[in-house]
Structure formats: C-alpha cells, structure tokens
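In what follows, a structure is listed as structure tokens, so that the remarks can point back to it.
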Amino acid sequence: MSRRLISTGSPLEKTVGYSRAVIDGEFAFVAGTTGYDYTTMTMPSDVTSQSRNCFKTIEAALKEGGFEMADIVRATYYVTDASYIDAHFAVCGEVLGDIRPAATLLVVSALAKPEMKVEIEVTAKRRSV
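Numbering-wise, this note's numbering puts 1121 at position 79 of the sequence shown, and it's gapless, one number per residue.
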C-alpha cells in the first residue's frame, strides 16, 4: 500500500506544508488537531467543545483513510492550562474509554493561536480483520 495524504481542505495545509493525516501501510498518522469546528468555521471558547471537535476531525480523517477510532494506538494531548485537564480528560474518556491507547498529556504555554486551548495528535494501526 502506498503513502496517501488526507486533507480537511484547509488552505493552511498547503501553505504550511502538512496533511491532516498520512496513511502509510497499516498506519495512520494524524497531525496535531485543534478544536476548530469545520461545520460552523468557528473555534468554540470552551475546552470541552474544542476537545470534542478535535476528535470529530480526527475520526473523519481516519475514516477517509479506511481506519476506525478503535484503531488508535497512541494519543498525545496538548493543553494550554492545567485547569483544562479534567474537562479534556472527560471527553477523552467518552471517546477513547474502551480503546485506551497509550497516551501523553503536556501542558504547554501556548498553541498557534490564543483561542486554541487543546490540540490532539494520534497514531492508528489498522487491525487485522
């Protein structure tokens, strides 16, 4: 299977030179994904909504590449304030509670834009049928 690039259609992907996800064989590498809502083209103000939007975008990229959320084996979370951890982890539990990938959370001083409170990146490995 050859390398395949997955895009959300954001012009930023071409400008910056990245893909939402790269499918390479049995692996999917999903880029850091922020809480942007592509339906409304807005960034919600709360970390819970942003976390849900991150997972929604990640799920769409994985599906386009032929993967499922259950294929996620690794997740890295970045939050801009330690006070967001509990709300963010609640969403992680809703989405990944049964999947339980290896995960790391980092509290960072900032993300690319001040309104961004959380960013998530994942790696998935296609399960054998």
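Using N, Cα and C, we set each Cβ at its ideal position, and we do this for glycine too. As the structure is a prediction and not an experimental result, all values here were calculated from the model.
Quiz prompt | Contact check, GLU1161 vs TYR1120, beta carbons under 8 Å | solution = Numbered from 1 along the sequence shown, position 119 holds the residue referred to as residue 1161. Numbered from 1 along the sequence shown, position 78 holds the residue referred to as residue 1120. Closer than 8 Å, so yes.
Quiz item: Would you call VAL1089 buried or exposed, if buried means 16 or more other Cβ atoms sit within 10 Å of its Cβ?
Solution: If you number the sequence shown from 1, residue 1089 lands on position 47. Answer is buried; the Cβ neighbour count reaches 16.
Quiz item: In three-state DSSP terms, what is ASP1079?
Solution: Taking the first residue of the sequence shown as position 1, residue 1079 is located at position 37. Residue state, collapsed to three classes: strand.
Quiz item: Is the distance from the Cβ of THR1076 to the Cβ of CYS1096 below 8 Å?
Solution: Translated into positions along the sequence shown, residue 1076 becomes position 34. Translated into positions along the sequence shown, residue 1096 becomes position 54. Contact flag set, yes.
Practice problem: Find out if the Cβ-Cβ distance for the pair ILE1114, LEU1138 is shorter than 8 Å. | Solution: For the purposes of this step, residue 1114 is taken as the residue at position 72 of the sequence shown. For the purposes of this step, residue 1138 is taken as the residue at position 96 of the sequence shown. For the 8 Å CB-CB criterion, ILE1114 and LEU1138 form a contact.
Self-check item: Span of the beta strand (DSSP E) around ASP1066
Solution: What you label residue 1066 is simply residue 24 of the sequence shown in a count that begins at 1. Secondary structure note for ASP1066: its beta strand (DSSP E) is the uninterrupted segment 1063 to 1066.
Quiz item: Where does ARG1168 fall in DSSP's three states?
Solution: As a working note, residue 1168 is residue 126 in the sequence shown. It is coil, neither helix nor strand.
Quiz item: Considering ILE1100, what are the terminal residues of the alpha helix (DSSP H) in which it resides?
Solution: Stepping through the sequence shown from its first residue, residue 1100 is reached at position 58. Boundaries of the alpha helix (DSSP H) around ILE1100: 1089 to 1106.
Exercise. Report the residue from LYS1167, GLU1163 and ASP1123 whose alpha carbon sits nearest the alpha carbon of VAL1150.
Key: By 1-based counting over the sequence shown, the position of residue 1150 is 108. When only C-alpha atoms are compared, the closest one is ASP1123.
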